[in-house]
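Numbering (numbering that gives the first Met the number 0), first residue to last: 0 to 362.
The next block holds one structure in the form of structure tokens; read it before the comments.
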Amino acid sequence: MVCCVQALLLLGVQLALSDRALAVPSIPNRFFYHNFLNGKGNKEIHFNGVKLHVDSAQSSVFSVRGGNATLPCRFWYEPELSSPREVRVKWSWFPVAGEHETDVLVAIGSRSRSFGDFRGRVQLRQDFPGDAALVMTELQLNDSGRYICEVVDGLEDKSTSVELELRGVVFPYQHPRGRYHLSFLGAQQACEEQDSTLATFAQLFQSWKEGLNWCNAGWLADGTVQYPITRPRMPCGGHDLGPGVRSYGRRQLHLHRYDVFCFSSSLRGKVYYLQPSQKMNLTEAQQACEENGAEIAKVGQLFAAWKFSGLDHCDAGWLADGSVRYPITRPRRNCGPSEPGVRSFGFPPPQHKHGVYCYKTDD
Ligand SMILES: *[C@@H]1O[C@H](CO)[C@@H](O)[C@H](O)[C@H]1NC(C)=O
Ligand SMILES: *[C@@H]1O[C@H](CO)[C@@H](O)[C@H](O)[C@H]1NC(C)=O
Ligand SMILES: *[C@@H]1O[C@H](CO)[C@@H](O)[C@H](O)[C@H]1NC(C)=O
Numbered sequence: 000m001v002c003c004v005q006a007l008l009l010l011g012v013q014l015a016l017s018d019r020a021l022a023v024p025s026i027p028n029r030f031f032y033h034n035f036l037n038g039k040g041n042k043e044i045h046f047n048g049v050k051l052h053v054d055s056a057q058s059s060v061f062s063v064r065g066g067n068a069t070l071p072c073r074f075w076y077e078p079e080l081s082s083p084r085e086v087r088v089k090w091s092w093f094p095v096a097g098e099h100e101t102d103v104l105v106a107i108g109s110r111s112r113s114f115g116d117f118r119g120r121v122q123l124r125q126d127f128p129g130d131a132a133l134v135m136t137e138l139q140l141n142d143s144g145r146y147i148c149e150v151v152d153g154l155e156d157k158s159t160s161v162e163l164e165l166r167g168v169v170f171p172y173q174h175p176r177g178r179y180h181l182s183f184l185g186a187q188q189a190c191e192e193q194d195s196t197l198a199t200f201a202q203l204f205q206s207w208k209e210g211l212n213w214c215n216a217g218w219l220a221d222g223t224v225q226y227p228i229t230r231p232r233m234p235c236g237g238h239d240l241g242p243g244v245r246s247y248g249r250r251q252l253h254l255h256r257y258d259v260f261c262f263s264s265s266l267r268g269k270v271y272y273l274q275p276s277q278k279m280n281l282t283e284a285q286q287a288c289e290e291n292g293a294e295i296a297k298v299g300q301l302f303a304a305w306k307f308s309g310l311d312h313c314d315a316g317w318l319a320d321g322s323v324r325y326p327i328t329r330p331r332r333n334c335g336p337s338e339p340g341v342r343s344f345g346f347p348p349p350q351h352k353h354g355v356y357c358y359k360t361d362d
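Laid out in structure tokens, this is it:
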């Protein structure tokens, strides 16, 4: 794949050069450039006084899982050019957790190529001259992060960035054996198994603003361990510290064990409580969902249904991980605390009898 990016790059330079030759036929090969450092120390290259500009109309874009997003980016020249030039546009991505930049798409003229997980899900909009917006479809939970739009015209190279954020729900998650049993990798896996992904700091911070108040520290996508406190109290750092998201900083990914904050977003399909003729143990609950043409719901799916579809049901039910929970959007007597939330009974022994929450995709 690396080979092909380079091939495209070379092609881009050649095309740009031949275009330039066409654009200024009277003085072939007599264009010049000079390098200088501007006040900010950025290297700028000017061709015949023509300058390439790139910017984005929005610094961040919001969407949901399964949705679409358009990350704006446009380029233009000053002074304006009389004939269009072919440039190379490259979109790349810095995942919140990753240190590495990942290729998303490279385009020259009408030809483009997308990479890795983005293949088939991204394209350039190209609605007007200079439009290099990236259109993304079928967004996945882990697509959030910073996207760089880079435009290369010969030796000029300008870029801008757009943050993609997914709207969703953050939930604290504990290992079945109890508090502080998850390494970073274990945490990542636990979230994935529950149809979610490790929450980012921005996602946890947003949930804290919406009232998440949780006294156990959990891993985040960037390898830090933090917890959100809206009502300071004794075992949670005491009364002296104000409300806030408290951080233990970066912890050792293999050595240290905590809980985790997972992130889920909107669902395709629905979660429902299966009214049983009699209460079921965990095995029977799984079978009951299957016989209903569904599967036993995962924790992330229950949270997503609670947050995005207002699922409200005051009966505790089994979930895929062997925990028992129920979702409340309209708090009332005998349905737990006075705030909305997904109530948890932890992980009871699998022979205990409860109802079940099932998940059915809509096809
Ligand atoms: C996303 O875009 C595709 C193609 O443009 C469209 O068919 C689909 O309905 C859109 N999805 C959403 C959730 O808007
Ligand atoms: C992102 O999520 C998708 C679908 O859940 C998965 O296939 C993919 O491997 C994930 N990518 C990364 C970089 O974690
Ligand atoms: C659940 O009950 C069935 C009998 O209906 C039994 O075969 C199964 O072992 C039980 N499973 C658990 C986890 O207790």
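We put the CB at the ideal spot given by N, CA and C, even for glycine.
- Using a C-beta cut-off of 8 angstroms, the stretch 138 to 155 makes contact with the stretch 95 to 106, since at least three inter-stretch Cβ pairs fall below that distance.
- Around the beta carbon of LYS157, a 10 Å sphere encloses 16 or more other beta carbons of the protein chains shown; the residue is thus reported as buried.
- Nearest in C-alpha terms to ALA56, of all of GLY177, LEU80, ALA131 and VAL168, is ALA131.
- Here the alpha carbon of ARG324 sits roughly 53 angstroms from the alpha carbon of PRO128.
- At least one heavy atom of ligand 1 falls within 6 angstroms of the beta-carbon of GLY66.
- Unbroken beta strand (DSSP E) stretches of 3 residues or longer found wholly inside the stretch 224 to 283: 243 to 249, 258 to 264 and 269 to 273, given in chain order.
- Listed in chain order, the alpha helix (DSSP H) runs fully inside the stretch 141 to 201 are 183 to 192, counting runs of at least 4 residues.
- Pairwise C-beta distances place the stretch 290 to 308 in contact with the stretch 183 to 195, as three or more of them are shorter than 8 angstroms.
- The Cβ atoms of VAL169 and ALA189 do not sit closer than 7 angstroms to each other.
- Residue pairing of VAL60 in beta bridges, as defined by DSSP: LEU163.
- Ranking ARG332, THR69 and PHE260 by CA distance to the CA of SER160 puts THR69 first.
- Residues lining ligand 2 by the Cβ criterion, that is a Cβ closer than 5 angstroms to any of its heavy atoms, are GLN139 and ASN141 in chain order.
- Beta-bridge pairing by DSSP links LYS359 to LYS269.
- The shortest C-alpha to C-alpha distance from GLN251 to any of ASP239, LEU219, CYS214 and ALA106 is the one to LEU219.
- The beta carbon of TYR272 is closer than 7 angstroms to those of HIS312, ASP314, GLY316, GLY354 and TYR356 in its chain, skipping five residues each way along the sequence.
- By the Cβ criterion, the stretch 255 to 267 is in contact with the stretch 173 to 186, since at least three pairs of Cβ atoms, one from each stretch, lie closer than 8 angstroms.
- DSSP, reduced to helix, strand and coil, places GLU294 within a strand of the structure shown.
- The beta-bridge partner set that DSSP reports for GLY340 consists of ILE327.
- Counting only runs of at least 3 residues, the stretch 61 to 104 fully encloses the following beta strand (DSSP E) elements, listed from N- to C-terminal order: 68 to 70, 73 to 77 and 87 to 94.
- Assignment of ALA287 by DSSP, reduced to helix, strand and coil, places it in the helix class.
- For the options GLY345, PRO347, LEU318 and ILE295, the alpha carbon positioned closest to that of LYS359 is the one of ILE295.
- Per DSSP, ARG332 has no beta bridge partner at all.
- Counting along the chain, the unbroken beta strand (DSSP E) around LEU51 starts and ends at 50 to 54.
- The alpha-carbon separation between GLN274 and ALA106 amounts to approximately 53 angstroms.
- Out of LEU310, ILE327, ARG332 and GLY345, the CA that lies nearest to the CA of ASP320 is found in GLY345.
- Here the alpha carbon of ASN333 sits roughly 60 angstroms from the alpha carbon of VAL150.
- The chain-ordered list of residues whose CB is nearer than 6 angstroms to some heavy atom of ligand 3 reads ASN280, LEU281, THR282, GLU283, PRO349 and GLN350.
- Annotation for LEU123: the continuous beta strand (DSSP E) segment containing it runs 121 to 123.
- In terms of Cβ geometry, VAL63 and SER265 form a close pair [threshold 7 angstroms].
- Distances from the alpha-carbon of VAL86 to those of HIS52, GLY66 and PRO78 put HIS52 closest.
- In this structure, the straight-line span from the alpha carbon of TYR179 to that of TYR247 is close to 14 angstroms.
- MET233 counts as exposed, since fewer than 16 other C-beta atoms from the protein chains shown sit within 10 angstroms of its C-beta.
- Around the beta carbon of GLY48, a 10 Å sphere encloses fewer than 16 other beta carbons of the protein chains shown; the residue is thus reported as exposed.
- When the five nearest sequence neighbours on each side are left out, the beta carbons in the same chain lying within less than 7 angstroms of the beta carbon of GLY243 are those of ILE228, in order along the chain.
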